[in-house]
Amino acid sequence: MPEKRFGIGRSLLMLLLGLTLVASINAPSSAWAEEATPEDEATPVKFELDEDQAKALVEEDGGEAIATLLVGEEPELSAEQALTLAGVLDDAMSEEQAAYLANIINASIPYYAADEVYYEAAEGDNAFGVVRQNLDDFQSNNLWIMIAGMLVFIMHLGFACVESGLTRAKNTVNILFKNMMIVMIGIVMYAVCGWIIMYPGSWIVEGVFAFGVGIGGGGGYYFGEAATGPDYNTGYTVWTDFFFQAMFAATCCTIVSGAVAGRIKLLPFLLFCIPFAGVIYCIVGSWHWGGGWLAGMGFADFAGSTLVHGVGGAGALAGALVLGPRLGKYAKDGTVQPIPGHSMPLATIGVFLLWFGWFGFNGGSELSADPGGVSYVLVTTTMGACGGGIAAAVLSWILGGKPDLSMGLNGILAGLVGITAGPDSPSWVEALVLVGGVSGVIVYFSVITLDKLKIDDPVGAISVHGVVGIYGTLCCGLWGVNGLFASAIYGDAAGETAGGAQLVTQAIGAAAGCGFAFVAALVIFSGLKAAMGLRVSEHEEVEGLDLGEHDMSAYPDFSQTFIKSYHAREI
44 MPEKRFGIGR SLLMLLLGLT LVASINAPSS AWAEEATPED EATPVKFELD
94 EDQAKALVEE DGGEAIATLL VGEEPELSAE QALTLAGVLD DAMSEEQAAY
144 LANIINASIP YYAADEVYYE AAEGDNAFGV VRQNLDDFQS NNLWIMIAGM
194 LVFIMHLGFA CVESGLTRAK NTVNILFKNM MIVMIGIVMY AVCGWIIMYP
244 GSWIVEGVFA FGVGIGGGGG YYFGEAATGP DYNTGYTVWT DFFFQAMFAA
294 TCCTIVSGAV AGRIKLLPFL LFCIPFAGVI YCIVGSWHWG GGWLAGMGFA
344 DFAGSTLVHG VGGAGALAGA LVLGPRLGKY AKDGTVQPIP GHSMPLATIG
394 VFLLWFGWFG FNGGSELSAD PGGVSYVLVT TTMGACGGGI AAAVLSWILG
444 GKPDLSMGLN GILAGLVGIT AGPDSPSWVE ALVLVGGVSG VIVYFSVITL
494 DKLKIDDPVG AISVHGVVGI YGTLCCGLWG VNGLFASAIY GDAAGETAGG
544 AQLVTQAIGA AAGCGFAFVA ALVIFSGLKA AMGLRVSEHE EVEGLDLGEH
594 DMSAYPDFSQ TFIKSYHARE I
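Position 442 (the sequence shown) corresponds to 485 in this note's numbering; numbering is contiguous.
Encoded structure:
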């Protein structure tokens, strides 16, 4: 019997603990939830409706009763009546009126649902309106965007692996150091001024250029609910927004790093990254993502085929032209002398890390956790990568006689870059064949063409990110519901800009973004070259930048180069 009593008591205790846990989970926990049951009753506000609003109100169920109440000096409305009135007035209320209606509605929400829904006054196109916030959606959206930012962060490791693997072993430490510094420089510069340049509250030159300092730009989004609630955005906090966007900022410089690998001085390159990541990239981004002149034209670039990859590719081209090719890359008779990478396993790991991170790059750019939107973007992104990798690998096999792993890897990246401008638009077949597959073909011939032009790009960054970035941007006007042939393919479902109008807009945007980035990078590189020199000496290039710039080796046990720090006692 004592054992039985102990079992019943333990069961009751566990039941009590379980109920407590359930109650704590379901209890309102956010600042929003606390506001959802205001302590004070809403102070009545006077409403004066114009003729059209009054007519629309009377046509609603119970509208006549509401109209009668509004005649009084201090109308007292029920939650249902407040919802009806808010729907009629839409965003044509004063902030005080909208807040009054929101408070009435919030007061009627049961406590157990207070962490799920919440109404607030929000500024609209004309004045203020009442907006319904779903707090569960807010938390889901915010969490997904944070996770997506982490995935984009992993891409920097992928870039470091790809660049290291496709270049000489003697430059590995230098490449890893550059990629380490690029991430930190990009994030810090984005915090200092980049974010406000890209997402301006006000323009210095309307739609073209803005400038500001700090996260939030001094707009009050630093602490408390203004930073973590709907005052900033209904889908995510100010910190989540910055975190996700900052992960993009350094990407353009990692692209440049690959094209100038093996011959550029460390300090000038790092100095180049400061204005390129913190200003140039952000100016181009502001033209579209920040609501600038490209946005006004209807330009489309979902996650950055031009705004990120095209900008980086243009900077890479400028750097390669100013530096010139690596020693021994092109013979006197004009033939191309391949300089193979030292670790194809490392390059392969890097590409798959990039592919993995791209799920956050494109999926996070949905800027919500919408199941339909995110899942579709992930599928088209995957199909683009598959199409690009298969096309480049098969093409290298047919035309080169042997399958080329480096071409297949760059084909995967090309497919990813190509689909980045519009992963939400094409069908999965279009993403696989017309976007990804064509991108893989383009990158193959682009790499060969650049070699014929004696433009040395050790990792194929100009081709993958620059050339294919432009093609991916044009894809938004070639394929999908706004494509050149959309009317024939989709019929009545075709977009308003189908048939060529969108293609023209895309071409203008790609030319402007890449052209501006190329000229800016050319000026910066040329200035650094004149001021402090840009290229290492021939002796240092032959021995390797690991020794010359760092006095280190990535593989000391296998190194045949004398390194002072390892033999200091012998000197």
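Ideal placement from N, C-alpha and C gives every residue a C-beta, glycine not left out.
Which of helix, strand or coil does DSSP assign to residue i?
{"i": "F90", "result": "coil"}
{"i": "M136", "result": "strand"}
{"i": "Y627", "result": "Nothing about residue 627 can be read from this structure; the chain reaches only from 44 to 614."}
{"i": "I258", "result": "coil"}
{"i": "I433", "result": "helix"}
{"i": "I485", "result": "helix"}
{"i": "V235", "result": "helix"}
{"i": "F345", "result": "coil"}
{"i": "E539", "result": "coil"}
{"i": "V379", "result": "strand"}
{"i": "F528", "result": "coil"}
{"i": "V502", "result": "coil"}
{"i": "G403", "result": "helix"}
{"i": "F251", "result": "Here residue 251 turns out to be Val, not Phe, going by the sequence shown. Correct three-state label for V251: coil."}
{"i": "Y242", "result": "coil"}
{"i": "I152", "result": "coil"}
{"i": "Y419", "result": "helix"}
{"i": "Y143", "result": "helix"}
{"i": "Y279", "result": "coil"}
{"i": "Y162", "result": "strand"}
{"i": "Y264", "result": "Caution is warranted here: a pLDDT of 47 is assigned to Y264, below 50, making its placement in the model unreliable, and the coordinate value is therefore given only provisionally. Looking at Y264 - three-state DSSP - the assignment turns out to be coil, as it is neither helix nor strand."}
For residue i, is the classification buried or exposed, using 16 other Cβ atoms within 10 angstroms of its Cβ as the cut-off for buried?
{"i": "I615", "result": "Because the chain here runs from 44 to 614, residue 615 falls outside it and cannot be looked at."}
{"i": "M198", "result": "buried"}
{"i": "A573", "result": "exposed"}
{"i": "S580", "result": "exposed"}
{"i": "M426", "result": "buried"}
{"i": "T398", "result": "In the sequence under discussion, the amino acid at residue 398 is Trp, which differs from the Thr named in the question. Result: buried."}
{"i": "Q140", "result": "buried"}
{"i": "L590", "result": "buried"}
{"i": "L588", "result": "buried"}
{"i": "K308", "result": "buried"}
{"i": "Q380", "result": "exposed"}
{"i": "A191", "result": "buried"}
{"i": "V585", "result": "exposed"}
{"i": "M564", "result": "Looking at the sequence provided, one finds Ala at residue 564 rather than Met. Buried, because 16 or more other Cβ atoms sit within 10 Å of the Cβ of A564."}
{"i": "P45", "result": "Low confidence applies here, because P45 scores a pLDDT of 41, under 50, leaving its location unreliable; read the following figure in that light. Answer is exposed; the Cβ neighbour count stays below 16."}
{"i": "E206", "result": "buried"}
{"i": "G384", "result": "buried"}
{"i": "F528", "result": "exposed"}
{"i": "T111", "result": "exposed"}
{"i": "D284", "result": "buried"}
{"i": "E82", "result": "With a pLDDT of only 40 at E82, under the threshold of 50, the placement of this residue in the model should not be trusted; the figure read from the coordinates follows. So E82 counts as exposed."}
{"i": "S409", "result": "The displayed chain sequence assigns Glu, not Ser, to residue 409. Answer is buried; the Cβ neighbour count reaches 16."}
{"i": "D95", "result": "exposed"}
For a quick check, are the C-beta atoms of residue i and residue j less than 8 angstroms apart?
{"i": "I238", "j": "Q182", "result": "Just to set this straight, residue 238 is Trp in the shown sequence, not Ile. Against a cut-off of 8 angstroms, the Cβ pair of Q182 and W238 comes out as no contact."}
{"i": "V486", "j": "N453", "result": "yes"}
{"i": "G483", "j": "G458", "result": "yes"}
{"i": "V420", "j": "G406", "result": "yes"}
{"i": "I225", "j": "A293", "result": "yes"}
{"i": "L128", "j": "I109", "result": "yes"}
{"i": "F196", "j": "G362", "result": "no"}
{"i": "L313", "j": "I218", "result": "no"}
{"i": "G451", "j": "A474", "result": "no"}
{"i": "F345", "j": "T424", "result": "no"}
{"i": "A135", "j": "Y162", "result": "no"}
{"i": "V299", "j": "G355", "result": "yes"}
{"i": "G278", "j": "T548", "result": "no"}
{"i": "L113", "j": "L132", "result": "no"}
{"i": "L360", "j": "I491", "result": "no"}
{"i": "V235", "j": "V256", "result": "yes"}
{"i": "A338", "j": "W187", "result": "no"}
Below 8 angstroms on the Cβ atoms is my guess for residue i versus residue j; work out the distance and round it to an integer in Å.
{"i": "G480", "j": "I455", "result": "With a Cβ gap of about 12 angstroms, G480 and I455 do not count as contacting."}
{"i": "T516", "j": "T349", "result": "4 angstroms"}
{"i": "D499", "j": "P368", "result": "3 angstroms"}
{"i": "C519", "j": "G465", "result": "4 angstroms"}
{"i": "V327", "j": "A560", "result": "6 angstroms"}
{"i": "G538", "j": "G353", "result": "Incorrect: roughly 23 angstroms between the Cβ atoms, too far for contact."}
{"i": "P243", "j": "S329", "result": "6 angstroms"}
For the ligand MG, is there a heavy atom less than 7 angstroms away from the beta-carbon of residue i?
{"i": "A234", "result": "With respect to the ligand MG, the structure offers nothing, as it holds no ligand at all."}
* Tell me the start and end of each unbroken alpha helix (DSSP H) in the segment 99 to 124 that is at least 4 residues and wholly inside, in chain order. => Entirely contained in the segment 99 to 124, the alpha helix (DSSP H) runs reaching 4 residues are, in chain order, 106 to 114.
* **Entirely enclosed alpha helix (DSSP H) segments - the segment 312 to 347, minimum 4 residues** => Fully enclosed alpha helix (DSSP H) runs of 4 or longer: 324 to 331 and 336 to 340.
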